[in-house]
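What follows is a single structure, written as structure tokens, with notes after it.
In our numbering, the protein residues as written are 278 to 826.
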């Protein structure tokens, strides 16, 4: 899981900082075709809107959310739906979280902690899912493992060597730069606090200081610059600390050719027949292993319980499949994780992970095809490299085309990420895109959701956009269970909001195009429209434009 550090770009700060110290949305019979004619007045988000913007409605709220709240108020209301099992193939999930504990899938055929495979499914004590990582967590990226183990063909290893030679020095430099900035800001912050005689201060209070020395002038200048990155210096310091942690883990684990993170598991990760590994406890192992918990909350955090957040979907049971480490996932674990989810009743599998090298990609492709044969929808994150996936130089695994001209499976929907600001900056700067290889876009930047230990916070990435779509898919499969996975995929694609607005991709103002050209559908996912279209399809009032049989 090669997750980019996409919060605050401190590493791009000037070196000068070191000088001192070192159409409308109402769908009646057809999906919305175009919203460009609708005048939108974009305004600053309130604190509540920041936490819920992914559920907002574009027209009424001027926020490019998925109209989830509107769907509940106007369509779902008091309707009863069928329970849908959604598997979260990810890092471990906090199974005791106050907003997740009542929506967990439970394997009723298994007796907890007796060391036996009671239901005969091949997995021992798998009460809420399965853990394919054992007690391991930190891992190398796949191309680093390939070099350490000398696997893959010569061409792939040559590319891996070039990539490592490029990425390791950058990670080391970023680590050092973040550490230097952190120390500079810390020293300046302590000096400002002492000058003001306060433990905390505002920007206004900072600017009220009459600096009598050059040193104090520099301290004020540094902190003033930091206020452009956050509302208070404490939060900025936390962001810097997270950056140090991220780049330290890259240097020590992800990009360290001598590191072996698989030893605690005890299997051969490149032998698909070696299946007796892992355990039945798919819970996160450390507090910083938060990705799976955050993803789970986006899909189905308990709604209207007065705590934290509301998930997109209700009537969901979440299955935790721990298969994604702090580094790149193994093809073997993903293949086995998908098959486990399918065999144990999941109708939707969320896959918020990806990597650029995959020596055993066919294992995963075969698992995807197996899921397709069992009518299971796979929702996959497009990735966070800001790259055009239609370019052969930007491979992203897994996918549903194996870099061919056509898809080998029709049950995968690939999702790019939106920001909360409709207009030129609506595509998240980190989001991958592609007219052929990304299907839709959904809210993914600055998403508030569950974290381990009953905590909540914002995270961003296509990893957050995928579960938003998985939640919409779960709503459709709950209220219209007769619809197939392929139909659900096509409904989500066809019912989205279209716009030909000019947008910036990769965060580069010079890299601008129109929104309809960066995904196969050219659309933003919309739960309200999707449910209306699903209703019409299920009643035979409409047909999908593509063959879904």
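For glycine and all other residues, C-beta sits at the position ideal for the given N, C-alpha and C. Since the model is a prediction, treat every value here as computed from it, not as a measurement.
Secondary structure of residue i, DSSP reduced to three states
| i | result |
| --- | --- |
| residue 709 | coil |
| residue 607 | coil |
| residue 446 | helix |
| residue 596 | strand |
| residue 759 | coil |
| residue 734 | strand |
| residue 372 | coil |
| residue 698 | coil |
| residue 770 | helix |
| residue 665 | strand |
| residue 674 | strand |
| residue 510 | helix |
| residue 775 | strand |
| residue 794 | helix |
| residue 601 | coil |
| residue 357 | coil |
| residue 401 | coil |
| residue 741 | helix |
| residue 520 | helix |
| residue 693 | strand |
| residue 293 | Below a pLDDT of 50, predicted positions are generally treated as unreliable, and residue 293, at 44, falls in that range; no measurement from the model is reported. |
| residue 818 | coil |
Delimiting residues of the alpha helix (DSSP H) encompassing residue i
| i | result |
| --- | --- |
| residue 642 | 638 to 650 |
| residue 495 | 491 to 503 |
| residue 718 | Note, residue 718: premise wrong, no alpha helix (DSSP H); beta strand (DSSP E) at 717 to 720. |
| residue 725 | First-last for residue 725: 724 to 728, but that is the beta strand (DSSP E), not the alpha helix (DSSP H). |
| residue 656 | Looking at the DSSP string, residue 656 is not in any alpha helix (DSSP H); the run it does join, the beta strand (DSSP E), is 654 to 658. |
| residue 783 | Note, residue 783: premise wrong, no alpha helix (DSSP H); not H, not E. |
| residue 840 | Beyond the ends of the chain as shown, which are 278 and 826, falls residue 840; an answer cannot be given. |
| residue 336 | 335 to 338 |
| residue 329 | 324 to 329 |
| residue 346 | 345 to 348 |
| residue 381 | Here residue 381 belongs to no alpha helix (DSSP H), and DSSP marks it neither H nor E. |
| residue 484 | 480 to 484 |
Burial state of residue i (16 or more Cβ within 10 Å)
| i | result |
| --- | --- |
| residue 779 | exposed |
| residue 639 | exposed |
| residue 600 | buried |
| residue 591 | buried |
| residue 789 | exposed |
| residue 563 | exposed |
| residue 484 | exposed |
| residue 439 | exposed |
| residue 426 | exposed |
| residue 553 | exposed |
| residue 736 | buried |
| residue 442 | exposed |
Extent of the continuous beta strand (DSSP E) to which residue i belongs
| i | result |
| --- | --- |
| residue 806 | Element bounds for residue 806: not the beta strand (DSSP E) but the alpha helix (DSSP H), 804 to 815. |
| residue 364 | 361 to 367 |
| residue 407 | 406 to 408 |
| residue 789 | 789 to 791 |
Distance cut-off 7 Å: residue i Cβ against heavy atoms of the ligand FAD
| i | result |
| --- | --- |
| residue 419 | Ligands in the displayed structure: none, and consequently the ligand FAD is not present. |
| task | Could you tell me whether the region 574 to 585 touches the region 381 to 389, where touching means 3 or more Cβ pairs closer than 8 Å? | result | no
| query | Is there contact between the region 765 to 783 and the region 711 to 719, where contact requires at least three CB pairs shorter than 8 Å? | reply | yes
| task | Kindly provide the ranges of any alpha helix (DSSP H) runs that are 4 or more residues long and lie completely inside the region 524 to 599, ordered along the chain. | result | 568 to 577
| said: Using 8 Å as the cut-off, can you tell me whether the region 530 to 543 makes contact with the region 490 to 501, which would need three or more C-beta pairs spanning the two stretches below that distance? | reply: no
| task | Decide yes or no for the touch test of the region 356 to 374 against the region 610 to 622: beta carbon pairs closer than 8 Å, at least 3 of them. | result | yes
| message | Closer than 8 Å is the cut-off here; do at least three beta carbon pairs connect the region 620 to 632 with the region 426 to 433? | response | no
| message | Measuring CB atoms only, is the region 522 to 532 touching the region 396 to 413, in the sense that at least three cross pairs come out at less than 8 Å? | response | no
| Is there contact between the region 437 to 451 and the region 560 to 577, where contact requires at least three CB pairs shorter than 8 Å? | no
| query | Using 8 Å as the Cβ pair cut-off and three pairs as the minimum, do the region 726 to 734 and the region 368 to 377 touch? | reply | yes
| For the 8 Å Cβ check, are there 3 or more pairs between the region 339 to 359 and the region 547 to 559? | no
| message | If we require 4 or more residues per run, which alpha helix (DSSP H) segments fall completely within the region 415 to 476? | response | 419 to 426, 431 to 473
| query | Per the contact definition of three or more C-beta pairs closer than 8 Å, is the region 666 to 677 in contact with the region 740 to 752? | reply | no
| message | Any contact between the region 694 to 712 and the region 649 to 659? By contact I mean 3 or more CB pairs, one from each, below 8 Å. | response | yes
| task | Would you be able to state if there are at least three C-beta pairs under 8 Å between the region 804 to 824 and the region 752 to 765? | result | yes
| request: Inspect the CB distances between the region 384 to 403 and the region 504 to 516 and report whether three or more fall short of 8 Å. | output: no
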